[in-house]
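Line order of the protein sequences matches chains A and B.
When you line the first sequence up against this note's numbering, it's residues 2 to 114, in that order.
When you line the second sequence up against this note's numbering, it's residues 2 to 117, in that order.
Quick reminder that beta carbons are idealized off the backbone N, C-alpha and C, glycines included.
These figures come from a predicted structure and were not determined experimentally.
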Amino acid sequence: NAGVTQTPKFQVLKTGQSMTLQCAQDMNHEYMSWYRQDPGMGLRLIHYSVGAGITDQGEVPNGYNVSRSTTEDFPLRLLSAAPSQTSVYFCASIPQGVNTEAFFGQGTRLTVV
Amino acid sequence: GESVGLHLPTLSVQEGDNSIINCAYSNSASDYFIWYKQESGKGPQFIIDIRSNMDKRQGQRVTVLLNKTVKHLSLQIAATQPGDSAVYLCAENRGAGGTSYGKLTFGQGTILTVHP
Chain A
2 NAGVTQTPKF
12 QVLKTGQSMT
22 LQCAQDMNHE
32 YMSWYRQDPG
42 MGLRLIHYSV
52 GAGITDQGEV
62 PNGYNVSRST
72 TEDFPLRLLS
82 AAPSQTSVYF
92 CASIPQGVNT
102 EAFFGQGTRL
112 TVV
Chain B
2 GESVGLHLPT
12 LSVQEGDNSI
22 INCAYSNSAS
32 DYFIWYKQES
42 GKGPQFIIDI
52 RSNMDKRQGQ
62 RVTVLLNKTV
72 KHLSLQIAAT
82 QPGDSAVYLC
92 AENRGAGGTS
102 YGKLTFGQGT
112 ILTVHP
């Protein structure tokens, strides 16, 4: 199993550009999440999904869209990139059940200039 | 603690020492807690977890202690090795009904440096 795969690993965008960060998991996990990590801070939840077709906002959702058409994939879309979105983005998947750990991808480092 | 800022708490130890990393959480309704290890340029990796109906759990070289009275979590690493050098993140689950739903709330992390 590859686990959680994120692409790309690095990306530079110009202000106003849009792009999609890809996340795929091959563990058949029901729950998936997107977090961002900024220097000196822990991970903050952007959006999450409890199953295909179901998404909801986390702590910092503004400027981001998500969709979950399949169990495996959970892409994160930046609609109009801003310098404040410069960050490292992590995708996580979690098996259904009570109190189960999250499995993280390797991250996408995004710079918006 | 849970303070937000640009400077992470740091802990420096000698190889072979025991390390204790602390974390204060904010939500008394949280019922599940996880410690993650994050190496430079990588995603967080699971170390150990504990449920709110326990106050101690042991793994291989690691022990997590939970004090719900003061909302405090600690990670103890025995015989610390240079390979343990990383950022350690604590996370709490605030999912409804005890199910994670992927909604973890993270502390800012602690940098552990182990000197040979």
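8 Å contact criterion, which residue i and residue j should meet: CB distance rounded
i	j	result
Ser-85 of chain A	Ser-19 of chain A	Wrong, their Cβ atoms sit about 15 Å apart, outside the cutoff.
Gly-106 of chain A	Thr-6 of chain A	6 Å
Lys-12 of chain B	Leu-113 of chain B	A quick correction: the sequence has Leu, not Lys, at residue 12 of chain B. The pair is a contact, with the Cβ atoms about 5 Å apart (cut-off 8 Å).
Arg-58 of chain B	Ile-78 of chain B	Arg-58 of chain B to Ile-78 of chain B, Cβ: 14 Å. No contact.
Gly-1 of chain B	Ala-93 of chain A	Any question about residue 1 of chain B goes unanswered here, given that chain B covers just 2 to 117.
Asp-74 of chain A	Ala-3 of chain A	Actually they do not touch by this definition, with Cβ atoms about 13 Å apart.
Ser-27 of chain B	Lys-72 of chain B	7 Å
Neighbour list for residue i in chain A, Cβ cutoff strictly below 9 Å
i	result
Lys-69 of chain B	Result: empty, since nearest Cβ-Cβ is about 15 Å, beyond 9 Å.
Leu-90 of chain B	Gly-43, Leu-44
Gln-109 of chain B	Gly-41, Met-42, Gly-43
Assigned exposure category for residue i - 16 Cβ within 10 Å defines buried
i	result
Gln-38 of chain A	buried
Glu-102 of chain A	buried
Phe-107 of chain B	buried
Gly-84 of chain B	exposed
Lys-38 of chain B	buried
Val-67 of chain A	buried
Asp-27 of chain A	exposed
Phe-11 of chain A	exposed
Val-5 of chain B	With a pLDDT of 36 at Val-5 of chain B, under the threshold of 50, the modelled position of this residue cannot be trusted; read the value that follows with caution. Exposed, since its Cβ has fewer than 16 Cβ neighbours within 10 Å.
Gly-43 of chain A	buried
Glu-93 of chain B	buried
Pro-117 of chain B	exposed
Gly-98 of chain A	exposed
Pro-45 of chain B	buried
Ile-22 of chain B	buried
Ser-88 of chain A	buried
Interface residues of chain A facing residue i [CB-CB closer than 8 Å]
i	result
Ile-112 of chain B	Result: empty, since nearest Cβ-Cβ is about 10 Å, beyond 8 Å.
Leu-9 of chain B	Gly-41
Neighbouring residues, chain B, relative to residue i (Cβ below 9 Å)
i	result
Met-33 of chain A	Gly-103
Gln-107 of chain A	Gly-42, Lys-43, Gly-44
Gly-17 of chain A	Near Gly-17 of chain A there are no residues of chain B at all, since even the closest Cβ is about 27 Å away, more than 9 Å.
Ala-103 of chain A	Ile-35, Tyr-37, Pro-45, Phe-47, Ala-92, Ser-101, Gly-103, Leu-105
Neighbourhood of residue i by C-beta distance below 6 Å, restricted to the same chain and skipping five residues each side
i	result
Leu-22 of chain A	Leu-77, Tyr-90, Thr-109
Gly-110 of chain B	Leu-9, Val-88, Leu-90
Gly-2 of chain B	Low per-residue confidence applies at Gly-2 of chain B: pLDDT is 37, beneath 50, and the placement is therefore not dependable, though the value from the model is reported in the following sentence. Excluding sequence neighbours, Gly-2 of chain B sits near Ala-25.
Pro-96 of chain A	His-30
Gly-59 of chain A	Leu-46, Ile-47, His-48, Tyr-49
Leu-66 of chain B	Lys-57, Ser-75
Neighbouring residues, chain A, relative to residue i (Cβ below 7 Å)
i	result
Gly-84 of chain B	Simply none; closest approach about 19 Å.
Sequence-distant residues of its chain with Cβ nearer than 7 Å to residue i (five each side left out)
i	result
Gln-82 of chain B	Glu-16, Val-115
8 Å CB neighbourhood of residue i in its chain, flanking five on each side removed
i	result
Gly-54 of chain A	Arg-69, Ser-70
- Query: Using a Cβ cut-off of 9 Å, which residues of the stretch 44-73 of chain A contact any Cβ in chain B, in chain order?
  - Reply: Leu-44, Arg-45, Leu-46, Tyr-49, Ser-50, Val-51, Asp-57, Gly-59, Glu-60
- Query: What residues in the stretch 71-93 of chain A bring their beta carbon closer than 8 Å to a beta carbon of chain B?
  - Reply: Phe-91, Ala-93
- Query: Name the residues in the stretch 45-65 of chain B whose C-beta lies less than 8 Å from a C-beta of chain A; which are they?
  - Reply: Pro-45, Gln-46, Phe-47, Asp-50, Arg-52
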